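Residue numbers (numbering that gives the first Met the number 0): 0 to 244.
Step one of this worksheet: look at the structure below.
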Amino acid sequence: MTDAAASARRTALVLRHDSTIGLGNLGPTLEAHGYEVVTVDAPVSDVSAIDPLAADLVVVLGGEEGAYETERFPYLADELSLLRSRIDAEAPVFGVCLGAQMLAAALGARVYRGERTEVGWLEVTPTSAGERSPVRHFAGVPTVQWHGDTFDLPRGVERLASSEQYENQAFRRGDWLLAVQFHPEVTAEIHEDWLRAWGDELHEHGSSPSQLRAERVHLGPRAEAASAALLGEYLEGLESRRAAA
């Protein structure tokens, strides 16, 4: 158990949009750092009733929704309100894929349909700022991408990584807000769930379930290690911030 876990346990509120797009290998890292994980299924919960500042950390996961589809999915509007409250208070928040897009929208940036779907085991390249951030652990480490939406970089943040297809792959504000477009949470089980659910669409993007399965065998363990290092470093930064405060 880490020093953080030895202290009073903290709460991580996880906003989930689909049961197949879960916390995955991020969960053990949160627990190892002393967090009690509370998962809220946003589509069937009253997100507006959640105290936006009650949790020590909010984690916003992926989903098929678009951050701009608030009329179609009203709970997204409630999530945006929650995220804006946390941003105003500089309260820790971590976003993955749709979660990153939601954070971009909450910060006032445009989120929109990209020119193509980015899918597969692909690399992201850290920027100079990214090389000094938790995202550095994914330098040279292919990770799962599966998204068609993208976003403009919000004002007042640092771009941390880019890919060949999309410039904005990760960003942060201070040491308390971190957002990644890629999927560090993917485990073998999640990977297989996604191939069963959406594998039929891979052919139109020049890939196939068999190709991704083969890539996962030799790329998955390294990506999971990078995931634990990324989230662990971010959480340690939050502890240092609390101690300084």
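Think of the CB as a built atom: it goes at the ideal place given N, C-alpha and C, for glycine as much as any other residue.
Just so we're clear, the structure is a prediction, and the values are computed from it rather than from any experiment.
Practice task
With DSSP as the reference, label R8 as helix, strand or coil.
Solution key: Per DSSP, reduced to three states, the secondary structure at R8 is coil, with no helix or strand assignment.
Handout entry: Residue range of the alpha helix (DSSP H) that includes W175
Key = That residue, W175, is in no alpha helix (DSSP H); it is neither H nor E in DSSP.
Practice task
For G65, count neighbouring C-beta atoms within 10 Å of its own C-beta (all shown protein chains included) and say buried if the count is 16 or more, exposed if not.
Solution key: Result: buried.
Practice task
Can you give me the Cβ contacts of A138 inside the same chain, cut-off strictly under 6 Å, excluding the 5 residues immediately before and after it?
Solution key: P125, listed in sequence order.
Problem - P220, buried or exposed, once every other Cβ within 10 Å from all chains shown has been counted against 16 - result: Its Cβ having fewer than 16 others within 10 Å, P220 is exposed.
Practice task
State the Cα-Cα distance for the pair G119 and R131, rounded to the nearest angstrom.
Solution key: Rounded to the nearest angstrom, the gap between the Cα atoms of G119 and R131 is 26 Å.
Handout entry: D148 versus L159, R135, Q164 and V134, residue with shortest Cα-Cα distance
Key = It is Q164 whose Cα lies nearest to the Cα of D148.
Exercise for the section: Name the two residues that bound the continuous alpha helix (DSSP H) containing L97. Expected result: Segment L97 to A105, the alpha helix (DSSP H) holding L97.
Handout entry: Neighbour-count burial assignment, Q210, 16 or more Cβ in a 10 Å radius
Key = Exposed: under 16 other Cβ atoms inside 10 Å.
Exercise for the section: Return the residue from the list G231, L201, H136 and P42 that minimises the CA-CA distance to A222. Expected result: Looking at the Cα atoms, H136 is the closest of the given residues.
Handout entry: According to DSSP, residues forming a beta bridge with Y34
Key = R9.
Exercise for the section: Using alpha carbons as the reference points, say which of L22, D55, Y74 and S18 lies closest to P42. Expected result: When only C-alpha atoms are compared, the closest one is Y74.
Handout entry: Distance between Q144 and Q180 (C-alpha atoms, nearest Å)
Key = Q180 and Q144 have their C-alpha atoms spaced approximately 8 Å apart.
Exercise for the section: List the DSSP bridge partners of H182. Expected result: Per DSSP, the beta-bridge partners of H182 are V143.
Problem - Contact between the region 223–241 and the region 192–202 (3+ Cβ pairs under 8 Å) - result: Under the 8 Å Cβ criterion, the region 223–241 does not count as touching the region 192–202, having fewer than three qualifying pairs.
Problem - Distance, E157 Cα to R240 Cα - result: Roughly 18 Å between the two C-alpha positions.
Handout entry: Reference E122, options L82, A169 and A76, closest by Cα
Key = It is A169 whose Cα lies nearest to the Cα of E122.
Handout entry: Option nearest S162 by Cα separation, candidates L177, T142 and D174
Key = For S162, the closest of L177, T142 and D174 by C-alpha to C-alpha distance is T142.
Practice task
Compute the distance between the beta-carbons of L81 and V39, then report whether it is under 8 Å.
Solution key: The beta carbons of L81 and V39 sit no closer together than 8 Å.
Problem - Whole beta strand (DSSP E) elements within the region 16–93, 3-residue minimum - result: Secondary structure within the region 16–93: the beta strand (DSSP E) runs of 3 or more consecutive residues, fully enclosed, are 34–40 and 56–59 (chain order).
Practice task
Taking A228 as part of the alpha helix (DSSP H), name the residues at either end of that continuous run.
Solution key: For A228, the uninterrupted alpha helix (DSSP H) segment begins and ends at P208 to A243.
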